[in-house]
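Quick mapping for you: the protein sequence lines, in order, are chains L and R. Everything in the first sequence is counted per our numbering, starting at -3 for the first residue and increasing by one. Everything in the second sequence is counted per our numbering, starting at 3 for the first residue and increasing by one. We put the beta carbon where it would ideally sit given N, CA and C, even for glycine. Model, not experiment: these values are computed from the prediction. Written below as structure tokens is the structure these notes are about.
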Amino acid sequence: MKLTPYSQNAYTPVPSGFTKFRRNCVPWQIVRFIAINIKMTMLILKSHH
Amino acid sequence: MARVLVLGGGISGHTAATFLKKWLGRSHEVVVVTPNSKWNWIPSNVWVGVGGMSREDVVFELAPVYKKAGIDYRQAKAISINPEGSATSALPFVSVEYTGTANAGSKEDITYDYLINATGPRLNFAATEGLGPDCGNTVSICTADHAVEAYEKLAQVIEEMKKGEKKKFLIGTGHGMCTCQGAAFEFTFNVEHKLKEAGVRDNAQITYISNEYELGDFGVGGMHLKMGGYITSGKVFAESLYTERGVRWITRAHVKKVSKGKIDYETLNGDMKEEEFDYAMLIPPFAGAGMKAYDKNGEDITSKIFNPGGFMFVDADYSKGAAPFEDYRAEDWPKYCQNQTYKNMFAVGIAFAPPHLISKPMKSPNGTPINPTPPRTGMPSAMMGKAVAYNIKDMIQKGATEPTHSARMSEMGAACVASAGKGFFSGSAAAMTMYPIVPDYQKYPDYGRDLNGTFGEIGLAGHWIKHFLHYSFLWKAKLKPFWTIIPE
Ligand SMILES: Cc1cc2nc3c(=O)[nH]c(=O)nc-3n(C[C@H](O)[C@H](O)[C@H](O)COP(=O)(O)OP(=O)(O)OC[C@H]3O[C@@H](n4cnc5c(N)ncnc54)[C@H](O)[C@@H]3O)c2cc1C
Chain L
-3 MKLTPYSQNA YTPVPSGFTK FRRNCVPWQI VRFIAINIKM TMLILKSHH
Chain R
3 MARVLVLGGG ISGHTAATFL KKWLGRSHEV VVVTPNSKWN WIPSNVWVGV
53 GGMSREDVVF ELAPVYKKAG IDYRQAKAIS INPEGSATSA LPFVSVEYTG
103 TANAGSKEDI TYDYLINATG PRLNFAATEG LGPDCGNTVS ICTADHAVEA
153 YEKLAQVIEE MKKGEKKKFL IGTGHGMCTC QGAAFEFTFN VEHKLKEAGV
203 RDNAQITYIS NEYELGDFGV GGMHLKMGGY ITSGKVFAES LYTERGVRWI
253 TRAHVKKVSK GKIDYETLNG DMKEEEFDYA MLIPPFAGAG MKAYDKNGED
303 ITSKIFNPGG FMFVDADYSK GAAPFEDYRA EDWPKYCQNQ TYKNMFAVGI
353 AFAPPHLISK PMKSPNGTPI NPTPPRTGMP SAMMGKAVAY NIKDMIQKGA
403 TEPTHSARMS EMGAACVASA GKGFFSGSAA AMTMYPIVPD YQKYPDYGRD
453 LNGTFGEIGL AGHWIKHFLH YSFLWKAKLK PFWTIIPE
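The following block contains the structure:
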């Protein structure tokens, strides 16, 4: 991504190559799939009153 | 035998009706009044809008499902409520008008012992001149039919881009008082993904326009989350994604008018601006269903039951409506979704009147409110439906005089998976959770939320979850085996 100095997007963080790789790396995403599901399940359990 | 009447067979009403029927069995009646013959899993309309799914993938016929469940289904829309009955009826009733082809236009009064108003939003395109697909200049993805049309127009624009034409896309909120920014967010990135897939991304300028104060507000006042060794505002998370995907953004905007290929909008600092587009999908503001209410003598009591937007009053603290943002409290939010005048009447999902905004109220120097209104997304809507179903069951079966289960938005969390592109290996989504939905600065003084229950991350896993949710919620809504164990 080419940065345009002083533009709207010149002040935001952007993902590094490694972060982008991890986002699409299937084995890592399987781990994240499980982790996110656990987090969401905990949230659901906490939300029922 | 008691009769529970459910108005609206959407996410919250369908949840309430199906659980109630399961728990009450044949001894009591559950009647659902809803105007469409088909149930729509609305979140997947985003994918219909980019051609990733067909209309048939996101809807199913309600009649056979309700027949199997033993629910009395009336394809009709509720017109008015008589919570005290009338001169000729001792029982409270709802006047409905049938909408199915066989009996369209015919009317009936349906009596009830308990009423659940789950009529969701009325898409108020008329609030902004020129907004909407019917008589306006923008497309919508709020219904499955709208989404089909949105894709037809998108496909046409893509064809023109393939011939080398440059196009401007404008996606976001079509009024200063909109909610549902999440849907606009998802559509933005799904369109971007689609343009990339079609090989025409370089010919597109994509702009997101919103009434949010900052990106990532989503009508819940934004959120903070732990990321990379920092506690970071969701704004940073959101802006990063817009930057990465080359999407320009305009925030603090109230769209005043949509003409062919151009919008006029006002900003929070009072400037009047214009923005051109070749393709625009702008979410309309939401209003209530617009039902009337009458007392026993036929006097109009609509303003006692519904707020001016058409949302039903429940057990919220409405005295805080005009209070400053700093005085908002978690307890202002309804605990039981129960009307306080007529205690056999409940409102769930988008149909209940919130006590006030969640985001900070803001006005331009011209007096135009530019702030997101409170979202009531799928998960909390369904949870409210289930809690109210529990309460009515306990009232009928155990003689409970007070509700036994609560569903307060400041005591429950929300899981949200915002798609950023469809594809089993190429897709991505932002998976987020927040706890609680309405920030509670008394309990969590620093950020208003529990940072252990609030997180967000982007990746392929989020897309898989979104896809999995599509199938599991449709499975659940169709009452297929083990449907009750699928969470809301
Ligand atoms: C494009 C889009 C994407 C979304 N994506 C997500 C997402 O990813 N995750 C999420 O959590 N939420 C999402 N939402 C929000 C979610 O769809 C709503 O929060 C949810 O549908 C609200 O449930 P509800 O039961 O209140 O209303 P609805 O589901 O809209 O149901 C209301 C029902 O009432 C019926 N009705 C209307 N008027 C009457 C009347 N007069 N009489 C009887 N019945 C009536 C309607 O026909 C409808 O069936 C999305 C919304 C949109 C528009």
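Put simply, of R:Ile487, R:Pro489, R:Gly423, R:Met436 the residue whose alpha carbon is nearest the alpha carbon of His469 (chain R) is R:Gly423. In this structure Gly102 (chain R) does not touch Pro94 (chain R) by the C-beta definition: roughly 25 Å separates them, more than the 8 Å allowed. Residue ranges of uninterrupted beta strand (DSSP E) with 3 or more members, entirely inside the segment 119 to 189 of chain R and ordered along the chain, are 169 to 175. Sorting R:Pro382, R:Ala432, R:Val419, R:Phe427 by C-alpha distance to the C-alpha of Ser408 (chain R) places R:Pro382 at the top.
In terms of Cα proximity to Val67 (chain R), the closest of R:Lys24, R:Asp280, R:Leu284 is R:Lys24.
In the same chain as Val202 (chain R), and ignoring 5 residues on each side of it, the C-beta atoms closer than 7 Å to its own belong to Ile160, Met163, Lys164, in chain order. With contact defined as three or more Cβ pairs closer than 8 Å, the segment 34 to 47 of chain R and the segment 5 to 20 of chain R are in contact. The residue among R:Ile173, R:Glu194, R:Tyr443, R:Thr456 with its C-alpha nearest the C-alpha of Met229 (chain R) is R:Thr456. Taking C-beta atoms as the reference points, Val60 (chain R) and Val50 (chain R) count as a pair closer than 8 Å.
In this structure, Met36 (chain L) has its beta carbon at no less than 7 Å from each heavy atom of ligand 1. Sixteen is the threshold: when 16 or more other Cβ atoms of the shown chains lie within 10 Å of the Cβ of Gly290 (chain R), as they do, the residue is buried.
With contacts defined by Cβ atoms closer than 8 Å, Ala332 (chain R) and Gln444 (chain R) form a contacting pair. At least one heavy atom of ligand 1 falls within 7 Å of the beta-carbon of Met381 (chain R). The CB of Thr0 (chain L) never comes closer than 9 Å to any CB in chain R; the least such distance is about 10 Å. The three-state secondary structure of Met414 (chain R), taken from DSSP, is coil.
Listed in chain order, the positions of the segment 449 to 468 of chain R with a beta carbon within less than 8 Å of a beta carbon of chain L are Gly455, Phe457, Glu459, Ile460, Gly461, Leu462, Ala463, Gly464, Trp466, Ile467. Using a cutoff of 7 Å, the CB of Pro356 (chain R) does not count as near ligand 1, since none of the ligand's heavy atoms is closer than that. Minimum Cα-Cα distance from His472 (chain R) among the listed residues R:Met436, R:Cys418, R:Gly458 corresponds to R:Cys418.
Comparing alpha-carbon positions, the option among R:Glu413, R:Ala431, R:Lys169, R:Tyr215 lying closest to Asp204 (chain R) turns out to be R:Lys169.
Between Glu58 (chain R) and the set R:Asp334, R:Thr90, R:Ile44, the nearest pair of CA atoms involves R:Ile44.
Taking C-beta separations shorter than 7 Å and ignoring five residues to either side along the sequence, the partners of Gly272 (chain R) in its chain run Ser366, Pro367, Asn368, following chain order. Short of 6 Å from the beta carbon of Val34 (chain R), and not among the five residues preceding or following it, lie these beta carbons of its own chain, in chain order: Val8, Gly11, Ala19, Ile73, Tyr75.
Contact annotation: Ile265 (chain R) and Leu172 (chain R) have beta-carbon atoms nearer than 8 Å. The Cβ of Ser43 (chain L) sits closer than 8 Å to at least one Cβ of chain R.
Note on geometry: alpha-carbon atoms of Gly174 (chain R) and Thr304 (chain R) lie some 32 Å from one another. Inside the segment 297 to 321 of chain R, DSSP marks whole alpha helix (DSSP H) runs of 4 or more residues at positions 304 to 307, from first to last along the chain. A distance below 8 Å between beta-carbons, with the five flanking residues on each side excluded, links Glu167 (chain R) to the following residues of its chain, in chain order: Asn205. Set against 7 Å, the gap from the CB of Asn5 (chain L) to the closest heavy atom of ligand 1 is not smaller. Thr17 (chain R) is classed as buried because its beta carbon has at least 16 other beta carbons within 10 Å across all chains shown. For chain L, the residues of the segment 397 to 422 of chain R that bring a beta carbon within less than 9 Å of one of its beta carbons are His407, Ser408, Ala409, Arg410, Glu413, Met414, Gly415, Ala416, Ala417, Val419, in chain order. If you draw a 10 Å sphere on the C-beta of Pro447 (chain R), you find fewer than 16 other C-beta atoms in it, and that means exposed. Interface flag for Tyr338 (chain R) against chain L is unset, since no Cβ pair is found closer than 8 Å. Between Ile360 (chain R) and Gly223 (chain R), the CB-CB gap stays under 8 Å. The distance from the Cβ of Asn213 (chain R) to that of Asn393 (chain R) is about 35 Å, inconsistent with a contact at the 8 Å cut-off. For Glu490 (chain R), the closest of R:Ala146, R:Ile233, R:Phe427, R:Ala384 by C-alpha to C-alpha distance is R:Ala384.
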